[in-house]
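Be aware that the sequence shown starts at 15, since it is given in the working numbering, and climbs by one per residue.
Here the structure is laid out as structure tokens; the discussion comes afterwards.
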Amino acid sequence: MNNFLQKHKNLGCLLDWIVFLTVSIIIFAIIGDIKDISTSPKFPLFLNLFVFSMFFYVNLRENDYKKKFNTLKDWSTPIFYVNIIALVLHTAIGGYTKTHKKVLEPLYKINKENAIKIIAIYLIFIIVSGTCILISKKYKK
15 MNNFLQKHKN LGCLLDWIVF LTVSIIIFAI IGDIKDISTS PKFPLFLNLF VFSMFFYVNL
75 RENDYKKKFN TLKDWSTPIF YVNIIALVLH TAIGGYTKTH KKVLEPLYKI NKENAIKIIA
135 IYLIFIIVSG TCILISKKYK K
């Protein structure tokens, strides 16, 4: 299958977009109401589930063994960095579309209970993935 998709790059790109959209729709359906996502702790869960599922798909589609995610460190590193960047951006500026419509409220503008839950979820993912990275570095030696 991968050899066929490498020869027909347009079909591979179409397949990638179909998987991307399907995963997004499924995750939005699982998490619930999209209007509520800007002030609820659902966004970090959506983000991490999306990142994990897309990296899983990329790993399935990759046919070169050296490029696959084989270790715990390979799986934890993207989650670690995505959560750090998302926490900083979500705390400071929130999220906006091209037309300056607010998608995510900055954490300092929402109520403290939800802000603490969102920060805690980000920190849990950062701590768990960071611990996995450190453990895999220690055992690699």
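Glycine residues also receive a C-beta, built at the ideal position from the N, C-alpha and C atoms.
Check: Cβ pair I140, K87 closer than 7 Å; Outcome: no
Check: Simplified DSSP state of K116, which is helix, strand or coil; Outcome: strand
Check: Spatial distance of G109 from N24 (CA atoms); Outcome: 32 Å
Check: Where Y136 falls, given that 16 or more other Cβ within 10 Å makes a residue buried; Outcome: buried
Check: Residue from K152, L35 and S54 whose Cα sits closest to the Cα of Y71; Outcome: L35
Check: Same chain, Cβ closer than 7 Å to V33, neighbours up to 5 away in sequence not counted; Outcome: Y71
Check: Collapsed DSSP secondary structure at G109 in the structure displayed; Outcome: strand
Check: Neighbour-count burial assignment, H104, 16 or more Cβ in a 10 Å radius; Outcome: buried
Check: Coil, strand or helix - N125 by DSSP; Outcome: coil
Check: Contact check, F64 vs I93, beta carbons under 7 Å; Outcome: no
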